[in-house]
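Chemist: Dropping the structure in here first, questions after.
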C-alpha cells in the first residue's frame, strides 16, 4: 500500500514537471510576436517595429512638451520605431529627412516622414501615454554619422490618410531598403 502511494505521487510529480516544461516551451516559442522586422541591404540593416496609429504623439524637447496631431480630420499620425545598423562601411553619413524615408504600400501610395520639430506644437503641462497617445523619444531625424558595427535609431513620424494600408517602410538613404509589415504574397496561389 505504501509503495503504491509512493509511486503514484512520483508519477503525478513527473507528469506535472513534463507538463510545466511543455508549457514553458509553448510560451517561449510563441512569445515572439514579430514586432521587429529587419531587412539587410549591402551596407545597412533597417529594423522597424510594427507601425502604431495614434491620435497624438508627443516628446519633450529642452524641457518643453511638444505634441504632434494629424493635419486634417481625414488623416492619422503613424509612428514607427526604426533602427539603422552599419555592418560594413567605415563611417556612413546619414541624413534622416522627408526624402530618406516613406511609409505606404507597394502599390504606389507612399507618404514622406514629417519633421517632428516643425510639425509639433508646444503645449503647457505634461502628457502621459495612453491608448491613442504615444511618447516618441528618442526622435530619429537630422544628420548623424554611423560608424561600422554601430546603430542609430528612434521614432519616425508620418501624417497619412485614414484607410491607408500601412504595409511597407521605404528607406532610401545610402541605399534603397523596403521593410514589409504585411505579406503581399499571401493567398496568391
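Numbering (this note's numbering), first residue to last: 1 to 189.
Note that CB positions come from ideal geometry on N, CA and C, so glycine has one too.
#1: If the criterion is Cβ atoms closer than 8 Å, does the pair residue 67 and residue 134 meet it?
#2: Would you identify the three-state DSSP class for residue 33, choosing helix, strand or coil?
#3: Spatial neighbours of residue 98 within its chain, please: C-beta separation below 8 Å, excluding the five flanking residues on both sides.
#4: With three or more C-beta pairs closer than 8 Å as the rule, is the segment 142–150 touching the segment 59–76?
#5: Restricting to runs no shorter than 3 residues, where is the beta strand (DSSP E) found entirely within the segment 70–98?
#6: Give a yes or no on whether the C-beta atoms belonging to residue 96 and residue 48 are separated by under 8 Å.
#7: May I ask which residues mark the beginning and end of the alpha helix (DSSP H) holding residue 181?
#8: Helix, strand or coil: which one does DSSP assign to residue 117?
#9: Buried or exposed for residue 144, please, with buried defined as at least 16 other CB atoms from any protein chain shown within 10 angstroms of its CB.
Modeler: Concretely, from the data shown:
#1: Position 67 of the chain shown, counted from the start, is the residue given in the question as residue 67. Position 134 of the chain shown, counted from the start, is the residue given in the question as residue 134. No, Cβ-Cβ distance for residue 67 and residue 134 is not below 8 Å.
#2: As a position in the chain shown, residue 33 is number 33, starting the count at 1. Summary for residue 33: the model assigns pLDDT 49, below 50, so the residue's position carries little reliability; its value from the coordinates is reported in the next sentence. Residue 33 falls in the coil class under three-state DSSP.
#3: In the chain shown, counting from the first residue as 1, residue 98 sits at position 98. Closer than 8 Å at Cβ, skipping near neighbours: 112, 113, 114 and 115.
#4: The answer is no - the segment 142–150 does not touch the segment 59–76, with fewer than three Cβ pairs under 8 Å.
#5: 75–86 and 91–96
#6: Sequence index remark: in the chain shown, residue 96 carries index 96 (1-based). Sequence index remark: in the chain shown, residue 48 carries index 48 (1-based). No, Cβ-Cβ distance for residue 96 and residue 48 is not below 8 Å.
#7: Working through the chain shown from its first residue, we reach residue 181 at position 181. From DSSP, residue 181 is part of no alpha helix (DSSP H); its letter is neither H nor E.
#8: Looking up residue 117 in the chain shown gives position 117. Here residue 117 sits in helix by DSSP.
#9: Position 144 of the chain shown, counted from the start, is the residue given in the question as residue 144. With fewer than 16 Cβ atoms within 10 Å of its Cβ, residue 144 is classed as exposed.
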